[in-house]
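In the UniProt record's numbering, the protein residues as written are 1 to 365.
Glycine is no exception: its CB is placed at the ideal position from the N, C-alpha and C atoms.
One structure below.
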């Protein structure tokens, strides 16, 4: 019988966070977290005690661990934010769930669907909270966009277009060129266009894809065409070899919505309804910087206080559906990771000092 899950905070007190990893995305998340009055960062863990202590000193965190297991066993931690590279998500999140911790795990959630299913099953077995850190789904302006579409503002959705490309350069030694670490454009960048399309349309019925591969057999750029039984199509693109506008457009039977830049953390979008003037929707300054990660943190804390084991904004079924699509795309383009052949909790990857993609550090201005 496993360790019982941490008691969820229903008393209105601070939610106590642990941070697992000390790279750029962990720093960005922690910086946003310490600004939330109902959050308290009480522990951090890294592969080395030196790295953990340096991170703890930077953010005023009381406990620093040089091993992941120590954080997982810290019963003063309500929820752990897992910010390792993709290749270690299964091992790190699994360790925390086994110990009874609640978990927010960075995206892409895992390297493949098998790993994702294992984490979801483990969370359900332990009755612990688990959520993918798909911050786009918690963004207030994205939620407004989805509400408009769900309410029929543009009629029935006919097509979605979205792109995310960076110009790099990413040399062969970079994590994004390392197949063992889930390198390539798809997991770091392509997860955003895919997640955007599936937020609006659900899981596709058919998937086509083409890619340009590197010498290391990771995708340098990938084009995807997804289709649904409704007749809707999505044209999606991700790239490590060319910067794009990072834009999105959703076309319906009665209009369209354009997100001109930074579609997964937009500052505005424009609604065009047939026969009407265009209407612009802008981000509320009260919600903070467009790159803020506080919205996903707030959603986690809301769920914990409500005794929920998953978020309605980032449901686990949706995360699994995205992972199935990413697996299918990799199958079409001929990209396989070593972890596809073995259980990753037996082969955890070393923590990498660089940031995971998809945050302001790696997004175009």
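Rounded to a whole number of angstroms, what is the C-alpha to C-alpha distance between residue i and residue j?
i, j, result
"residue 69", "residue 238", "35 Å"
"residue 210", "residue 39", "43 Å"
"residue 155", "residue 55", "49 Å"
"residue 125", "residue 118", "10 Å"
"residue 328", "residue 186", "11 Å"
"residue 137", "residue 198", "11 Å"
"residue 37", "residue 297", "12 Å"
"residue 281", "residue 270", "6 Å"
"residue 425", "residue 180", "The structure shown does not extend to residue 425, since the chain is modelled only from 1 to 365, so the question has no answer here."
"residue 207", "residue 227", "7 Å"
"residue 252", "residue 161", "12 Å"
"residue 314", "residue 232", "23 Å"
"residue 204", "residue 153", "22 Å"
"residue 93", "residue 143", "27 Å"
"residue 276", "residue 101", "51 Å"
"residue 222", "residue 300", "32 Å"
"residue 149", "residue 273", "11 Å"
"residue 184", "residue 193", "15 Å"
"residue 330", "residue 24", "27 Å"
"residue 235", "residue 213", "19 Å"
"residue 41", "residue 202", "35 Å"
"residue 343", "residue 115", "With a pLDDT of 46 at residue 343, under the threshold of 50, the modelled position of that residue is not reliable, and the figure given next carries that caveat. Cα to Cα, residue 343 sits roughly 8 Å from residue 115."
"residue 13", "residue 120", "28 Å"
"residue 99", "residue 33", "23 Å"
"residue 305", "residue 26", "23 Å"
"residue 326", "residue 97", "24 Å"
"residue 449", "residue 89", "Lying outside 1 to 365, the shown extent of the chain, residue 449 is not represented and no answer is given."
From the DSSP secondary-structure annotation, give me the bridge partner or partners of residue i.
i, result
"residue 249", "161, 258"
"residue 335", "Bridge partners of residue 335: none, in fact."
"residue 40", "16"
"residue 329", "Partner(s): none; residue 329 has no beta bridge."
"residue 238", "164, 222"
"residue 186", "Paired residue(s): none; residue 186 is not in a bridge."
"residue 55", "Looking at the DSSP assignment, residue 55 forms no beta bridge with any residue, so it has no partner."
"residue 271", "257, 279"
"residue 323", "According to DSSP, which records beta bridges pairwise, residue 323 is partnered with nothing at all."
"residue 212", "221"
"residue 233", "159, 227"
"residue 206", "227"
For my contact list, residue i and residue j are in at a C-beta cut-off of 8 Å; report their separation, rounded to the angstrom.
i, j, result
"residue 77", "residue 71", "7 Å"
"residue 45", "residue 67", "7 Å"
"residue 309", "residue 29", "With a Cβ gap of about 21 Å, residue 309 and residue 29 do not count as contacting."
"residue 266", "residue 283", "7 Å"
"residue 268", "residue 113", "So it is not a contact: roughly 35 Å between Cβ atoms."
"residue 263", "residue 248", "4 Å"
"residue 104", "residue 82", "7 Å"
"residue 250", "residue 200", "6 Å"
Problem - Uninterrupted beta strand (DSSP E) stretches inside the region 58-131 (no shorter than 3 residues) - result: 63-65, 79-82, 102-106
Practice task
Tell me, please, whether the region 232-246 touches the region 168-185 by the rule of three or more beta-carbon pairs shorter than 8 Å.
Solution key: yes
Exercise for the section: Would you be able to state if there are at least three C-beta pairs under 8 Å between the region 45-65 and the region 17-35? Expected result: yes
Exercise for the section: Count the CB pairs spanning the region 170-183 and the region 282-296 that are closer than 8 Å, and state whether there are at least three. Expected result: no
Problem - the region 309-324 / the region 131-144 touching (three or more Cβ pairs under 8 Å) - result: yes
Handout entry: Inter-stretch contact at 8 Å, needing at least 3 Cβ pairs: the region 330-339 / the region 205-220
Key = yes
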